[in-house]
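Under this note's numbering, think of the first position of the sequence shown as 31, with each following residue one higher. Read the structure below first, then the notes.
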Amino acid sequence: MDADVIVVGAGLAGLVAAHELTSRGRRVALVDQENAANLGGQAFWSFGGLFLVGSPEQRRLGVKDSLDLAWNDWQGSAGFDRTEDEDSWAVRWARAYVEWA
């Protein structure tokens with residue numbers, strides 16, 4: 031297949047980029063690790079949800095949240111098998127993401 035542009039990742043940004051390029055007559059190759067039924071990146075897997083920790087909206091609505099609650103929730107769903115190993119890239123990345131949110 032000949033393509034003018036290769037877009038890596040079919041998350042929302044990749045899909046929008048591919049759409050904009052094809053709208054302008056470019057031939058686009060869109061590649062992603064998921065199959066066509068699961069396109070959308072994190073938006074697909076999170077059902078379009080947002081990850082917020084202790085936001086003003088949560089406080090206003092009376093939602094109890096904290097860094098510790100968010101981290102425990104993340105660990106429960108991530109299934110890390112090396113949570114004690116702080117050298118694990120996945121654990122360090124996840125912790126930084128939770129602290130940023």
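Don't be surprised by glycine CBs; every beta carbon is placed ideally from N, CA and C. Here the structure is a predicted model, which means the values were calculated and not measured.
>> Could you give the first and the last residue of the continuous beta strand (DSSP E) run that contains V37?
In response: V35 to V38
>> Residues in the same chain with beta-carbon distance under 7 Å from M31, minus the five sequence neighbours each way, listed in chain order, please.
In response: Contacts found: A59.
>> How far does the beta strand (DSSP E) with V58 in it extend, from its first residue to its last?
In response: If you look at V58, you'll find it in the beta strand (DSSP E) that goes V58 to V61.
> Rounded to whole angstroms, how far is the Cβ of W137 from the Cβ of A120, which I believe are closer than 8 Å?
Replying inline: For the chain, the structure presents residues 31 to 131; residue 137 sits outside this window and is missing.
> Taking just the CA atoms, how far does D98 sit from A131?
Replying inline: 12 Å
>> On a Cα-Cα basis, can you pick out the residue from E87, F74, V93 and V35 that is closest to G55?
In response: V35
> Taking just the CA atoms, how far does F81 sit from D95?
Replying inline: 11 Å
> How many Å lie between H49 and G79 at the Cα?
Replying inline: 23 Å
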